[in-house]
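Have a look at the structure below before the remarks.
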Amino acid sequence: MTDTSDSTTETNDLHDHDPEARARALQSLLTEKGLLSTDAVDDVISTYEEAVGPLIGAKVVARAWTGPDFKERLLENGIEAVAHLDVAVSDEVMELRVVENTPKTHNLVVCTLCSCYPWAVLGLPPTWYKTPAYRSRAVDEPRALLREEFDTEIPGDVELEVWDSNSEIRYMVLPQRPPGTDQLSETELRDIVTRNAMLGVERLV
Amino acid sequence: MDGIHDLGGMDGFDDLPPDEPDDASPFHQDWEGRVYALFVTGIASGAFNLDEFRYTLEQHNPEFYLERSYYERWLTGIESLLLDAGVIDRGELADRVTAFECGEAEISDKPGPSLDELTEGVAKVYQSGRVRETPVFEPGDEVEVRNDHPKGHTRCPRYIRGIRGTIHAHRGTHVLPDASAHGEDRAEPLYNVKFDAANVWGANHTDADAVHIELWESYLSKP
């Protein structure tokens with residue numbers, strides 16, 4: 001068994017240093033060793049600032065609301081369906097499962113052990129998703145959590161199912177299409193899909 | 001291990017912080033993006049895998065885990081793993097950190113792998129090319145989660161151990177994190193198991209109806 005606890009303790013001497021200096025120091029060493037380039041670092045940052053974010057998820061949801069065939073494929077194999085849309089997504093490094101909200105069932109996504117998140121469709125997780133407060137409470141009292149923290153009331157006659165995504169399989173919620181949106185185009189529908197609705201902490205109806 | 005990371009069902013934490021980062025800025029500070037790039041580099045270069053990374057974060061002491069920011073925990077884990085793998089030297093890193101703090105160092109412009117090349121490296125690590133193992137359980141089967149508290153890495157959270165649930169779906173054959181985090185290459189059938197929330201928490205102590213979670217075959221037994 002590999003035990004890394006010794007080295008974890010030894011690196012404690014770095015804990016008191018500024019994390020920015022530590023990150024730059026590590027970057028400079030890896031660059032000198034030919035394992036990393038400044039361009040790659042800039043590209044990672046711009047990818048998450050510009051290319052990958054909740055807009056991809058909104059596009060997926062709007063397409064599922066307007067195209068029954070796409071919706072069927074999406075629920076069957078999430079990442080494969082998403083990869084067919086014209087979006088930047090690496091379908092090789094992640095499995096995506098999309099769970100559909102219905103009049104009878106509401107779904108909520110959490111990762112109690114760390115912060116697994118469907119980053120290929122929603123970008124990087126918000127701060128609250130990674131906190132002990134969210135991770136601890138979402139599995140045992142989700143209705144109270146949603147009411148108190150997100151002002152979201154899940155009606156008593158709607159079943160609440162929680163998806164604790166503890167492995168490489170990531171979850172995204174397909175929210176219900178709000179009533180009165182029949183006239184909206186697919187592009188217009190994208191604007192009403194929120195990141196929080198795709199995690200299940202918000203309802204669009 | 002039953003560490004501070006295993007948070008499901010724990011009581012007493014504060015309210016949630018403000019909703020950030022938002023769509024416009026996924027990182028709070030510039031250095032967090034660097035940490036993400038360092039993580040990708042570590043995986044792509046083969047210095048560590050995702051399970052080793054997770055296990056390292058789980059070994060942070062509870063005070064450090066709860067008090068420091070998410071990306072600082074990541075950075076600390078990446079430092080440990082790169083030191084363990086011998087990619088960098090402890091003295092060299094400490095000196096360099098001090099140099100950056102004093103403004104006496106710069107990151108060189110030396111060419112290196114592009115993001116595409118790094119991403120390819122990451123994909124190779126993830127593509128297991130596993131032979132599909134025949135699953136023991138089928139959807140609809142009742143199962144009981146083994147009451148096991150391993151000292152090493154596991155992706156079986158405490159709150160469902162010893163609890164009965166139903167196989168919701170078979171997810172294929174996946175690398176077993178409990179082995180992979182300790183350098184052993186093993187894979188097993190993975191299932192999504194559905195638990196009645198009242199079974200997990202007691203009917204009077206939950207307001208959920210069901211909890212779904214992916215569990216590897218060796219976590220489960222026939223009741």
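Chains A and S are the protein sequences, given in the same order. Heads up: the first sequence begins at 1 in my numbering, then just goes up one per residue. Heads up: the second sequence begins at 1 in my numbering, then just goes up one per residue. Glycine included, every Cβ here is placed at the ideal spot set by N, Cα and C.
Endpoints, alpha helix (DSSP H) assigned at A144(A): P142 to F150
Short CB-CB distance (under 9 Å) between H17(A) and chain S: yes
Three-way DSSP call (helix, strand, coil) for F70(A) in this model: helix
DSSP-derived helix/strand/coil call for P125(A): coil
Cut-off 8 Å between Cβ atoms - residues of its own chain near E2(S), not counting five sequence neighbours on either side: The sequence shown places Asp at residue 2(S), not Glu. The answer, listed in chain order, is H149 and R158.
Members of the segment 4-15 of chain S near chain A, C-beta cut-off 9 Å: I4, H5, D6, L7, G8, G9, M10, D11, G12, F13, D14 and D15
Own chain, CB closer than 8 Å to T119(S), minus 5 neighbours either side, in chain order: V40 and A44
Contact residues within the segment 177-204 of chain A, judged by C-beta distance below 9 Å to chain S: R195 and N196
Pairwise C-alpha distance: P132(A) and R190(A): 31 Å
Residue-level contact to chain A via CB, N49(S), 9 Å cutoff: no
Sub-9 Å separation of Y65(S) and V35(S) beta-carbons: no
E148(A): CB within 8 Å of a non-hydrogen atom of the ligand ADP: The model depicted lacks the ligand ADP and carries no ligand whatsoever.
Ordered list of alpha helix (DSSP H) runs contained in the segment 52-97 of chain S, each at least 4 residues: 62-67 and 70-84
Any C-beta of chain A under 9 Å from that of S218(S): no
Which of helix, strand or coil DSSP assigns to S114(S): coil
From Q176(A), V205(A) and D164(A), residue whose alpha carbon lies closest to that of D140(A): D164(A)
Beta carbon proximity, F64(S) to chain A, threshold 9 Å: yes
F195(S) in three-state terms, based on DSSP: strand
Per-residue burial, H153(S) [other beta carbons within 10 Å of its own, 16 or more giving buried]: buried
Beta carbon of P126(A) nearer than 9 Å to that of R195(A): yes
Closer than 9 Å to chain S by CB, A144(A): yes
Span of the alpha helix (DSSP H), counted from its first residue to its last, around H15(A): Counting along the chain, H15(A) falls outside any alpha helix (DSSP H), and DSSP gives it neither H nor E.
Residue closest to K110(S), alpha-carbon to alpha-carbon, out of T181(A), L30(A), C116(A) and L85(A): L30(A)
Through-space distance from L55(A) to E49(A), alpha-carbon basis: 12 Å
Opening and closing residue of the alpha helix (DSSP H) in which R34(S) lies: D30 to A44
Closest by C-alpha distance to A169(S), when choosing among G91(S), P189(S) and H60(S): P189(S)
Alpha carbon of P155(A) to alpha carbon of V97(S), nearest angstrom: 53 Å
DSSP three-state assignment for D209(A), whether helix, strand or coil: Here chain A comprises residues numbered 1 to 205, so residue 209(A) is not present and cannot be evaluated.
Integer Cβ distance of F27(S) from P21(S), believed to fall under 8 Å: 6 Å
Chain A within 9 Å of P157(S), Cβ atoms only: yes
Every unbroken alpha helix (DSSP H) within the segment 113-178 of chain S, with a cutoff of 4 residues, ordered by chain: 115-126
With 16 other Cβ atoms within 10 Å as the buried cut-off, status of T173(S): buried
is_contact[E168(A), chain S] using C-beta, thresh 9 Å: yes
Below-9 Å beta-carbon distance, F137(S) vs any chain A residue: no
Straight-line gap, E159(A) to V145(S) (C-alpha atoms, nearest Å): 24 Å
Span of the alpha helix (DSSP H) around N196(A): R195 to L199
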